[in-house]
Amino acid sequence: FLLIPGALVALFTRDPQVITDGVLYLRVIAFAQIGQSFELILEGALAGAGYTFWPQVASTTLTALRIPLAAWWSRPIGLLGIWLALSVTAISRGVAMILFWKSGRWRAVRV
């Protein structure tokens with residue numbers, strides 16, 4: 046996403062405005078990939094351990110914040126605000142899962 050975003054978007058369109066917007070999206074969302082990776086892996090591990098309630102509450106809450114955050118940030122900075130809202134909430138969900146994992150509370154759950 047960082048190295049060749051223009052080439053990736055150009056596979057799907059020739060419209061210069063769409064390519065510009067797509068490149069911006071790929072560059073911003075590239076940084077969220079690390080957070081999303083932690084979220085997916087650790088949420089699955091926590092679910093496998095039977096510790097599901099609080100990770101789900103955190104994930105649902107942070108996902109629900111995307112819409113108002115995107116609406117709020119899109120007013121001053123346009124599409125960039127929407128992409129940033131997606132990235133910030135994805136990274137936040139990853140951080141939340143790391144904190145749940147490191148807390149060790151999942152070890153006390155009987156499966």
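Just so it is clear: in the sequence shown, position 106 is 151 by this note's numbering, and no numbers are missing. Beta carbons: idealized from backbone N, C-alpha and C, even for Gly.
If you keep only unbroken beta strand (DSSP E) runs of at least 3 residues inside the region 95-146, you get nothing at all. Proximity to I79 across A153, V140, F145, V156 peaks at V140, based on C-alpha coordinates. Taking C-beta atoms as the reference points, T58 and G67 count as a pair closer than 9 Å. L85 carries a helical assignment under DSSP once its states are collapsed to helix, strand and coil. Between S132 and V73, the beta carbon gap of about 5 Å places them in contact (Cβ cut-off 8 Å).
Counting every other CB atom within 10 Å of its CB across the protein chains shown gives F98 a total below 16, marking it as exposed. Look at V54 here: in three-state DSSP terms it is helix. Just so you know, the alpha carbons of S148 and L129 end up roughly 28 Å apart.
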